[in-house]
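Counting in my numbering, the sequence shown runs from 1 upward without gaps.
Yeah, the Cβ is synthetic: ideal placement off N, Cα and C, and Gly gets one too.
Quantities reported herein were computed from a predicted structural model and do not represent experimental measurements.
What follows is a single structure, written as structure tokens, with notes after it.
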Amino acid sequence: MSRKLMVVLALSGAVGVGVVAGLAVQPAVAESPAISRTSVQRIATLDTFRLMRLLIDTPESAEIIKAHNDATEELLEPLRKQYADLQAQSAADPANAGLYQSQTTSLVTRFQEIQEARQADFRQMQARIALDAHARIAAVVDTLVASHGYSHVISAPTAAPVDTDNLAAKAEDVFGRLFFKAPAEDDLTQAVIDALGIQENGPGAAQPEGDR
């Protein structure tokens, strides 16, 4: 046997012993049990937009908005009368038209400032109403999640698409949906409606929680 062959056999034997030794001393690693994602995750759907509309589009909200608009008119109406008076005075006294024009400019600026401030207040009021409605929905959803074992609640409508001859509206509804298909039994919308005591009989008919 040549020396070269003996060296090759010796190296092969050493490698084999090393492999066997490695297999012998390597600690066994316990396999983690396979966990199916479906066993720990359960998804529910919720038509948040529909619920928000039902809670916001109420006689109470309409009264709040009307009161705000009435208060705005009380602030702006005197300025409108002052504007009309200045216009009449300017027409009757052309010699002092420049003075009336300056007063008119100041009045218009004041009118715009009040109008912009009231619009900002209106947006804040709308946000408060919406956030209050969302908080009420969230409280019910938290309870339903805890009692039914849901891990996720997706805000997405799953009801039948709108029935309309307006193709643009139908396309917007269909293509704007997050889910192509979702099981009806995992839709929490009606459960939230029932929990809040909402009567869905059309706009302005919602009567949440104890006919408040």
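### Message
On the DSSP letters alone, give me the boundaries of the alpha helix (DSSP H) that residue 45 sits inside.
### Response
In the DSSP assignment, residue 45 falls outside any alpha helix (DSSP H) and within the unbroken beta strand (DSSP E) covering 43–46.
### Query
Smallest Cα separation from residue 133: which of 45, 151, 50?
It is 50.
### Query
Rounded to the nearest angstrom, how far is the Cβ of residue 44 from that of residue 192, given a contact under 8 Å?
About 10 Å separates the CB atoms of residue 44 and residue 192; that is not less than 8 Å, and the two are not in contact.
### Query
Is it buried or exposed for residue 157, if we count other Cβ within 10 angstroms and need 16 for buried?
Buried, since its Cβ has 16 or more Cβ neighbours within 10 Å.
### Query
What are the boundary residues of the beta strand (DSSP E) that residue 153 is part of?
Per DSSP, residue 153 belongs to the beta strand (DSSP E) from 152–155.
### Status (buried if at least 16 other CB within 10 Å, exposed otherwise) for residue 187
Counting of Cβ neighbours within 10 angstroms places residue 187 among the buried residues, the total reaching 16 or more.
### Query
Tell me the DSSP bridge mates of residue 187?
Per DSSP, the beta bridge partners of residue 187 are 45.
### Query
So what's residue 111 in DSSP terms, helix, strand or just coil?
Residue 111 sits in a helix when the DSSP states are folded into three classes.
### Task
For residue 194, I'd like the list of residues in its chain whose CB is within less than 8 Å of its CB, leaving aside the five on either flank, ordered along the chain.
Nothing listed; no residue qualifies.
### Task
Apply the 10 Å Cβ neighbour rule to residue 167 and answer buried if 16 or more other Cβ atoms are within range, or exposed otherwise.
That one is exposed.
### Query
Nearest-angstrom Cα distance between residue 41 and residue 189?
If I take the Cα positions, the gap works out to 19 Å.
### Query
Between the segment 78–98 and the segment 131–147, do three or more beta carbon pairs fall short of 8 Å?
Contact fails: fewer than three Cβ-Cβ distances are below 8 Å.
### Query
DSSP three-state call for residue 196: helix, strand or coil?
Residue 196: helix per DSSP, three-state reduction.
### Message
Within a Cβ cutoff of 7 Å, which residues of the same chain sit near residue 114, ignoring the five residues on either side of it in sequence?
### Response
Correct list, in chain order: 75, 76.
### Query
Based on Cα-Cα distance, which residue from 160, 125, 89 lies nearest to residue 180?
Looking at the Cα atoms, 160 is the closest of the given residues.
### Query
Beta carbon of residue 56, beta carbon of residue 137: below 7 Å?
Cβ distance not < 7 Å, so residue 56 and residue 137 don't count as in contact.
### Task
Thinking residue 99 and residue 83 are a contact (beta carbons under 8 Å), I'd like their distance in whole angstroms, please.
Contact doesn't hold; Cβ gap of about 15 Å is too wide.
### Cutoff 7 Å; reference residue 25; Cβ partners in own chain excluding five residues on either side
Below a pLDDT of 50, predicted positions are generally treated as unreliable, and residue 25, at 45, falls in that range; the measurement from the model is reported next regardless. Here the set comprises nothing.
### Query
Quick one: what does DSSP say residue 70 is sitting in, helix, strand or coil?
Three-state DSSP puts residue 70 in a helix.
### Message
Alpha carbons only, please: which of 183, 117, 131 is nearest the one belonging to residue 73?
### Response
Taking residue 73 as reference, the option from 183, 117, 131 with the minimal CA-CA separation is 117.
### From 122, 165, 85, 150, residue whose alpha carbon lies closest to that of residue 224
Residue 224 is absent from the model: the chain starts at 1 and stops at 212.
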